[in-house]
Amino acid sequence: MENRYPEIVTGAFLANKKGQIAFFKSSKWESIMVPPGGHLEYGESLEAS
């Protein structure tokens, strides 16, 4: 399927009581840490995601 734009993406910063923020290894870019997030597939509703 061809790319459709704009692409809807989400992200969040999760912090604990100590102020530490959660980051995860990126599955796309080696050695980069990213906040948790994702995207909607073309045609997918916000409710279905």
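Going by the working numbering, the sequence shown opens with residue 1, and the numbers climb by one from there.
Note that beta-carbon positions come from the ideal geometry of N, C-alpha and C, so glycine has one too.
Keep in mind the model is a prediction, meaning the values are calculated, not measured.
Might you give, ordered along the chain, the residues of its own chain that have their beta carbon closer than 7 Å to the beta carbon of LYS25, omitting 5 neighbours on each side?
MET33
Cβ separation of GLY11 and GLY37, assumed to be a contact under 8 Å, to the nearest whole Å
3 Å
Where do the N-terminal and C-terminal ends of the beta strand (DSSP E) with GLY19 fall, by residue?
Element bounds for GLY19: n/a, residue is neither H nor E.
Sorry if obvious, but does the Cβ on ILE32 come closer than 7 Å to a heavy atom of the ligand NAD?
As far as ligands go, the structure on display features none, and thus does not contain the ligand NAD.
Local conformation of GLY38 per DSSP, three classes:
strand
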